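Novice:
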Amino acid sequence: MSLHFSSFKTSNHFLERLWDAACIASIVGIWPRFIEPNLLFTTELTLPIALLPKELDGITIVQFSDLHYSSYVSERYLDRISTHIQKLDPSLIVFTGDILSYAELEERAPLQKFLSSLSAPLGCYAIFGNHDYKEYTSLAPDGSYRLICDHTPALLRGFSRIFSSKKISDDPEVLQPVPEKEELKKVLLNSGFQLLHNETVQIGKKGSYINLTGLGDICARQCFPNLAFNQTDPRFPSIVLSHNPDSYPLLAPYPGDLLLFGHTHGGQVNLPFIWEKITPLKNKKLKSGLVAIPEKERFLYINRGLGSTFPFRWFAPPEITKITLVRSGPVKSPLFAPAFAEEKRLKAPLFTSSYSVESE
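Quick look at the structure:
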């Protein structure tokens, strides 16, 4: 009798269970495997926006991202997220991609219930991430975008890359736009979320508006800014939703006072030499947090997300972001002072922020 190890590697959740056993055995692994993924951090920012109408001064935006709904996500965790978001009293709720994991929609009812529980006066909007299309796509080691057939969690694939010199992927390259996932579109529609897929809408009150633009995902070859910004009204400021921060070079020539991203999970495992291997991101400077583009008077924010394909986080806890927009007026904000022109990342004294954390 012979045993074939490959059959064990491909069995359902074998690698995950092996990893769990290693975490428990090591003691140190208990925190990143079982505790940190269940925390909920809130980051609160106050940002000055040029051309913000007086009627919208103080508008609050709650951003959440990367839910990665799967069997790993309990209804209890979904209820905690919903309660947390609604307590923030948002004017607007936005989701920046990766509702699903591996393009798989398992039990619809809990997801539908969760999304339906969220509401805001100016509406709830969502975009697709690279896991949300008909097929799952991601960045390959050679820098190309590929249809990923192996659904081994990215975390475990990343650790294998640490010990591998392989640069060429065997997965098929994404050469044409990957079709949208119709079942997921129906779930969003039935829950009261509006999907923005390469389009712009105006939101606001009393004739005063903000442009809200949503992009398709770059990994799925669905990011088309020329279509997305067609309906932009230049009289009003613009908020842009795009899942992957690597799409920013495509978006840079277009309007956008605040661009909101997800995708990176904040590095997920923030240990030296490891997070870069496991984070599918070309521009490693856009890992997480607030970034200013002074020459354009523009902010980028990269949210760490709430979930992952495999629940394991180290120094990158799940995050919900609340952003309050205030009028900057005709005078430039000190956030964009010339002395700051070469800075990549804002520091605490330059902007209003606060942090809170909730555990089970």
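For my numbering, count along the sequence shown from 1 and bump the result up by 4. Each residue gets a CB set at the ideal place from its N, CA and C atoms; glycine is no exception. This one's a predicted model, so the numbers in the text were calculated from it and none came from an experiment.
Tell me which same chain residues have a C-beta within less than 8 Å of the C-beta of histidine 269, skipping the five on either side of it?
Specialist: Locating residue 269 in the sequence shown gives position 265, counting from the first residue. Excluding sequence neighbours, histidine 269 sits near Asp70, Thr283, Arg308, Gly309, Ser312, Arg317 and Ala320.
Novice: In whole angstroms, what is the alpha-carbon distance linking isoleucine 65 and glycine 133?
Specialist: By 1-based counting over the sequence shown, the position of residue 65 is 61. By 1-based counting over the sequence shown, the position of residue 133 is 129. So the two alpha carbons sit approximately 20 Å from each other.
Novice: In or out: alanine 107 buried (at least 16 other Cβ within 10 Å) or exposed?
Specialist: Looking up residue 107 in the sequence shown gives position 103. Answer is buried; the Cβ neighbour count reaches 16.
Novice: By the three-class DSSP mapping on this structure, what secondary structure does glutamine 235 have?
Specialist: Position 231 of the sequence shown, counting from 1, holds the residue named residue 235. Three-state result, glutamine 235: coil.
Novice: Compute the distance between the beta-carbons of proline 241 and leucine 55, then report whether it is under 8 Å.
Specialist: Here residue 241 is taken as the residue at index 237 of the sequence shown, counted from 1. Here residue 55 is taken as the residue at index 51 of the sequence shown, counted from 1. Result yes, Cβ atoms of proline 241 and leucine 55 sit closer than 8 Å.
Novice: What three-state label does DSSP hand isoleucine 97 in the structure shown?
Specialist: Against the sequence shown, residue 97 aligns to sequence position 93. Of the three classes helix, strand and coil, the one that applies to isoleucine 97 here is strand, per DSSP.
Novice: Distance check for isoleucine 214 and glutamine 67, CA to CA, integer angstroms please.
Specialist: Locating residue 67 in the sequence shown gives position 63, counting from the first residue. Locating residue 214 in the sequence shown gives position 210, counting from the first residue. Cα-Cα distance, rounded: 16 Å.
Novice: Tell me whether glutamate 40 is buried or exposed, calling it buried when 16 or more other Cβ atoms sit within 10 Å of its Cβ.
Specialist: Taking the first residue of the sequence shown as 1, we reach residue 40 at position 36. Under this definition glutamate 40 is a buried residue.
Novice: Counting beta carbon pairs with one atom in the segment 205 to 225 and one in the segment 242 to 251, are three or more of them shorter than 8 Å?
Specialist: yes
Novice: Distance, Cα to Cα, glycine 196 vs isoleucine 97?
Specialist: Locating residue 196 in the sequence shown gives position 192, counting from the first residue. Locating residue 97 in the sequence shown gives position 93, counting from the first residue. Those two C-alpha atoms are separated by around 11 Å.
Novice: My guess is that valine 178 and cysteine 227 are in contact by the Cβ rule of under 8 Å, so how many angstroms apart are they, rounded?
Specialist: If you number the sequence shown from 1, residue 178 lands on position 174. If you number the sequence shown from 1, residue 227 lands on position 223. Actually they do not touch by this definition, with Cβ atoms about 12 Å apart.
Novice: Could you pull the DSSP bridge partners for threonine 204 from this structure?
Specialist: The residue given as residue 204 occupies position 200 in the sequence shown. BP columns for threonine 204 point to Thr217.
Novice: With DSSP as the reference, identify every bridge partner of proline 52, one or two as the case may be.
Specialist: The residue you call residue 52 lines up with position 48 of the sequence shown. Paired residues: Val330.
Novice: Taking 8 Å as the cut-off, decide whether the C-beta atoms of aspartate 136 and leucine 115 are in contact.
Specialist: Within the sequence shown, numbered from 1, the residue matching residue 136 stands at position 132. Within the sequence shown, numbered from 1, the residue matching residue 115 stands at position 111. No, the Cβ-Cβ distance between aspartate 136 and leucine 115 is not below 8 Å.
Novice: Phenylalanine 265 lies in the beta strand (DSSP E); which residues open and close that run?
Specialist: Sequence index remark: in the sequence shown, residue 265 carries index 261 (1-based). Element bounds for phenylalanine 265: 262 to 265.
Novice: Where serine 121 and aspartate 154 are concerned, what is the direct C-alpha to C-alpha distance, given to the nearest angstrom?
Specialist: One-based indexing of the sequence shown puts residue 121 at position 117. One-based indexing of the sequence shown puts residue 154 at position 150. Each residue's alpha carbon lies about 34 Å from the other.
Novice: From the DSSP output, read off the bridge partner residues of arginine 150.
Specialist: The count along the sequence shown starts at 1 and reaches residue 150 at position 146. Note: arginine 150 sits in a beta bridge opposite Ser142 and Glu177.
Novice: Starting from alanine 224 and walking both ways along the beta strand (DSSP E), at which residues does that stretch end?
Specialist: For the purposes of this step, residue 224 is taken as the residue at position 220 of the sequence shown. It is not in any beta strand (DSSP E) - alanine 224 carries neither H nor E in the DSSP assignment.
Novice: In chain order, what residues of the same chain lie with their CB nearer than 6 Å to the CB of lysine 336, ignoring the 5 residues before and after it?
Specialist: Working through the sequence shown from its first residue, we reach residue 336 at position 332. At lysine 336 the pLDDT is 47, less than 50, meaning the model places this residue with poor confidence and gives no usable figure here.
Novice: At what residue ranges does the segment 256 to 297 contain a whole run of the beta strand (DSSP E), taking only runs of 3 or more?
Specialist: 262 to 265 and 293 to 297
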